[in-house]
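Undergrad: In terms of my numbering, the sequence shown opens at residue 589 and continues consecutively.
Even glycine gets a Cβ: it sits at the ideal position worked out from N, Cα and C.
For clarity, every value in this text was computed on a predicted model and none was experimentally measured.
Quick one: structure below, then a few questions.
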Amino acid sequence: MSFFLHRTMAFPIAVLVLLSATASQAALIVPAGNSLVVNDTDLDVAWTQDANLFRTQAAADPNLVTSIINVTPSVTDGLGTHTMVAGDFTTSTGAMNWWGANAWVNYLNSISYAGETDWRLPIIGPVNGSTLNPNVSFDGTTDRGFNSAAVNGTASELAHLFYHELGNLAQFNTAGVAQTGFGVTNAGPFANLGNSGYWSGTEAGAEYAQGATFAWIFGTANGGQGAGPKINQDGLFPYFGWAVSPGQVAPVPVPAAVYLFGSGLIGLAGLARRRMKA
């Protein structure tokens, strides 16, 4: 086969390779024309492609926190009303407490980030479908512990993403034995996904003695899930917000000129093959 035939076939072969790669990783897809999000076809949601988007935004806009507080001066929860203050955010790292994470999500909706207006924090639901269980387990039979997506893969959106779609490991296997290679070893199509704690929008309730002073969290550092004080923010284990939007973001339509250009290249490749055979 000649060098020229290799050159001519490069475009259609590249297309086939791209389609094959996309099909093999179909659960997480960056929609064409909107690299700000990652569609999650398993959960039928869209995640922000930047897992520490608040820090990225704060670096570009020194008035970001003021804008967030202007949009959401207070957050109402199971405790009552929390008045937002600048101290709810740490712009240098992107860390924030639970109220800050909720206010930031509201801000994303106010600016129609990535064209969406229904951003929220991820959900951590009960693995048994009815009541959150704070007892520790290693096999995913309760909501607190490790491998929390082993029994009910979609109860926790964060756990499902971490374990099933990115293929990361917990610090302990389902038998409770310590294992190596845990944490975020695969970030997939996401940027700034670190070994940290990520807030869910799920408040603790009667399952914890602390009640609504706690909220449920997923830790990518060790694959652990549980609940902690909403006031948590900085320290050795910082807490971040990661926004998710119900449904999937549609690809931006390809302009007709681009489509015709691609079709023309494929047509030229076919013509070259016919000439080679002749």
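Count the other C-beta atoms from every protein chain shown that fall within 10 angstroms of the C-beta of Gly870, then say buried if there are 16 or more, exposed otherwise.
TA: Examination of residue 870 is not possible in this model, given that the chain is present from 589 through 866 alone.
Undergrad: Using a Cβ distance threshold of 8 Å, determine whether the stretch 793-807 contacts the stretch 659-669, with at least three qualifying pairs required.
TA: Yes, they touch.
Undergrad: With DSSP run on the structure shown, which of helix, strand or coil describes Thr790?
TA: DSSP places Thr790 in strand when its eight states are reduced to three.
Undergrad: Measuring alpha carbon to alpha carbon, tell me which of Gly764, Asn721 and Thr762 ends up nearest Ser744.
TA: Comparing Cα positions, the closest option is Asn721.
Undergrad: Does the stretch 645-656 come close enough to the stretch 777-792 that 3 or more CB-CB pairs lie under 8 Å?
TA: No, the stretch 777-792 is not in contact with the stretch 645-656.
Undergrad: On the three-state DSSP scale, how would you describe Ala689?
TA: Three-state DSSP puts Ala689 in a helix.
Undergrad: Taking 8 Å as the cut-off, does the stretch 827-835 touch the stretch 630-638 (at least 3 CB pairs, one atom from each stretch)?
TA: These segments touch.
Undergrad: Spatial neighbours of Ala747 within its chain, please: CB distance less than 7 Å, with the 5 preceding and 5 following residues excluded, ordered by chain position.
TA: Here the set comprises Ser736, Ala737, Phe806 and Gln813.
Undergrad: Starting from Ala634, follow the beta strand (DSSP E) in both directions and report where the run begins and ends.
TA: Residues Val633 to Thr636.
Undergrad: Using the beta-carbon count (16 or more within 10 Å), is Ile657 buried or exposed?
TA: Under this definition Ile657 is a buried residue.
Undergrad: Could you tell me which residues DSSP pairs with Gln813 in its beta bridges?
TA: Its beta-bridge partners are Gly733 and Phe806.
Undergrad: Rounded to the nearest angstrom, how far is the Cβ of Ala809 from that of Gly771, given a contact under 8 Å?
TA: Sure, about 5 Å apart at Cβ, within 8 Å.
Undergrad: Mind checking whether Val837 and Val625 have CB atoms under 9 Å apart?
TA: Yes. Within cutoff.
Undergrad: Which class does Leu709 belong to by DSSP, given the choice of helix, strand or coil?
TA: Leu709: coil per DSSP, three-state reduction.
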